[in-house]
Amino acid sequence: MRGGLRVTVTGGAGFIGSNLVYWLLRHPAVGRVTVVDDCSTGSMSLLGSDLADTDFRRGSVLDAGLMEKAVTRADAVVHLAALPSVPRSVLDPVASHHANATGTLQVLEAARRAGGPLVVAASSSSVYGAQPSLPKSEDSRAMPLSPYAVSKLAAEAYLGAYHACYGLPVLPLRFFNVYGPRQRAGHPYAAVVPTWIDAALSGSAVTVHGDGTQTRDLTCVDTVCQVITTAITDRVTSPWPVNLALGTRTSLLDLAALLGNVLGSPLRIEHTGPRPGDVAHSQADPSRLLDLFPGARAVPLREGLEHTVAWHREQRATSGPPAGGS
Ligand SMILES: NC(=O)c1ccc[n+]([C@@H]2O[C@H](COP(=O)([O-])OP(=O)(O)OC[C@H]3O[C@@H](n4cnc5c(N)ncnc54)[C@H](O)[C@@H]3O)[C@@H](O)[C@H]2O)c1
14 MRGGLRVTVT GGAGFIGSNL VYWLLRHPAV GRVTVVDDCS TGSMSLLGSD LADTDFRRGS
74 VLDAGLMEKA VTRADAVVHL AALPSVPRSV LDPVASHHAN ATGTLQVLEA ARRAGGPLVV
134 AASSSSVYGA QPSLPKSEDS RAMPLSPYAV SKLAAEAYLG AYHACYGLPV LPLRFFNVYG
194 PRQRAGHPYA AVVPTWIDAA LSGSAVTVHG DGTQTRDLTC VDTVCQVITT AITDRVTSPW
254 PVNLALGTRT SLLDLAALLG NVLGSPLRIE HTGPRPGDVA HSQADPSRLL DLFPGARAVP
314 LREGLEHTVA WHREQRATSG PPAGGS
């Protein structure tokens, strides 16, 4: 028998959102899942057969009427909808601001009018930007280097303000580099893990921006879904941002070596110049996360990459390489 929690997921047709919907639909405490997505970067097909079990509302979080209907009677809103790319924001900062900052404000407004469901929202490690300290602690100063990072900083600050002004229960989570099944390659803003897997499976070289010594706190999407699901069922809140990563640090060259190992043959690497807005090193201080979620577990990188490679192989077997992929 299903439980009674009603959860609205914005961006539920995206990479992280579709994984989260999968988790929520299988959780005994969750009764109904509503998805709001304009399918600008996501796709209904990522939900697979789960689509039939969700209340899917195609449209933008910027549409106040749509958001009001989608949030009424929700116990929790997980706000993942965004234009999620640093380079995209460098090319079109206003579009990123609208979707990410104004979009978050609209979600919060809908939640406030709906009587105050928990709002969990995705911020990003990119807010640390030029902050040199490592690991990145939420107490250190945000020093954003891109319009995307600024839009995420505004979004998490809005959550804090809605808690302070209206008592809304909130949880702003700073995601680090999330990877896993359903993260697609084959578009100009694709992330490093799917892009490299796709290139390697196509027999192409992988591109490393800079010398490859830059580091990332790679976080398996299952870790993210586990934490968000616990936040909803146990009603975990924080007006202050919380890093959602377990404090690992992998250089791009080490990632390439491990991926080659998982794929069964070494990756061929080509170096190009560094990208504007990219940060050199990223590693979370997970203390605040572990205080709030003592059961948070990092999926080991090798295990996460094995699942991710298996998903890419399955996709190729059923529908061929991604359109526009390498
Ligand atoms: N993937 C990562 O490594 C990472 C890291 C830090 C933060 N984040 C954040 O996590 C969230 C999810 O990212 P993702 O990697 O799944 O990206 P994604 O592009 O796969 O998902 C974003 C979803 O939001 C939808 N969307 C965009 N604008 C919308 C709008 N105005 N109204 C309704 N839907 C809209 C897209 O169609 C898409 O389905 C984003 O907020 C992103 O900024 C992701």
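Numbered according to our numbering, the sequence shown terminates at residue 339, and the numbering increases by one at each position without gaps. For every residue, glycine included, the Cβ atom is placed at its ideal position computed from N, Cα and C. These numbers were taken from a predicted model, which means no experiment stands behind them.
Please state whether the Cβ-Cβ distance between residue i and residue j is less than 7 angstroms.
i      : j      : result
Val206 : Val234 : no
Asn256 : Leu302 : yes
Ala244 : Pro185 : no
Leu93  : Gly24  : yes
Ala343 : Leu166 : Shown here, the chain extends from 14 to 339; a query on residue 343 therefore has no answer.
Leu314 : Leu231 : yes
Tyr141 : Lys149 : yes
Ser159 : Ser98  : no
Leu59  : Ser31  : yes
Ser4   : Ser295 : Because the chain is modelled from 14 through 339, residue 4 falls outside the range shown and cannot be assessed.
Leu38  : Cys238 : no
Pro145 : His320 : no
Ala114 : Ala95  : no
Pro41  : Ser136 : no
Ser109 : Ser73  : no
Leu272 : Trp209 : yes
Asp236 : Val322 : The sequence given here places Thr at residue 236; Asp does not occur at that position. No, the pair does not count as a contact, with Cβ atoms beyond the cut-off.
Val132 : Val183 : yes
Pro287 : Gly223 : yes
Exposed or buried, what is residue i when buried is set at 16 or more other beta-carbons lying within 10 Å of its beta-carbon?
i      : result
Ala177 : exposed
Gly16  : exposed
Tyr107 : Per the sequence shown, the amino acid found at residue 107 is Val instead of Tyr. By the 10 Å Cβ count, Val107 comes out exposed.
Arg45  : buried
Met14  : Note that Met14 has pLDDT 48, beneath the 50 cutoff, so the model's placement of it is unreliable and the number below is only indicative. By the 10 Å Cβ count, Met14 comes out exposed.
Gly27  : buried
Ala218 : exposed
Glu151 : buried
Leu104 : exposed
Pro307 : exposed
Thr242 : buried
Arg197 : buried
Thinking C-alpha only, which one of the options is nearest residue i?
i      : options                        : result
Ala258 : Val240, Pro106, Asp267, Ala270 : Val240
Leu266 : Pro252, Val48, Glu283          : Glu283
Val48  : Pro252, Lys82, Ala42           : Lys82
Ala293 : Pro334, Gly129, Thr263, Ser53  : Thr263
Gly317 : Gly308, Leu268, Thr285, Thr331 : Leu268
Ala168 : Leu118, Gly223, Ala323, Arg70  : Leu118
Trp36  : Val91, Asp50, Ala297           : Val91
His200 : Ile29, Thr54, Val43            : Thr54
Ala123 : Ala143, Pro100, Gly78          : Gly78
Going by DSSP, what residues sit across from residue i in a beta bridge?
i      : result
His92  : Thr23, Ala134
Arg187 : Ser136, Asn256
Ser351 : The displayed coordinates of the chain run from 14 to 339. Any statement about residue 351 would go beyond what the structure contains.
Glu169 : In the DSSP output, where bridge partners are listed per residue, Glu169 has none listed.
Ala297 : Lys149
Taking 6 angstroms as the cut-off, does the CB of residue i come closer than this to any heavy atom belonging to ligand 2?
i     : result
Val74 : No copy of ligand 2 appears in this structure; the ligands present are ligand 1.
> On the three-pair Cβ rule with 8 angstroms, is the region 76–88 touching the region 15–29?
Replying inline: Yes, the region 76–88 touches the region 15–29.
> Per the contact definition of three or more C-beta pairs closer than 8 angstroms, is the region 51–71 in contact with the region 216–232?
Replying inline: Verdict: no, contact absent.
>> Within 8 angstroms, do at least three Cβ pairs link the region 202–219 to the region 275–282?
In response: With a cut-off of 8 angstroms, the region 202–219 and the region 275–282 count as touching, because enough Cβ pairs lie within range.
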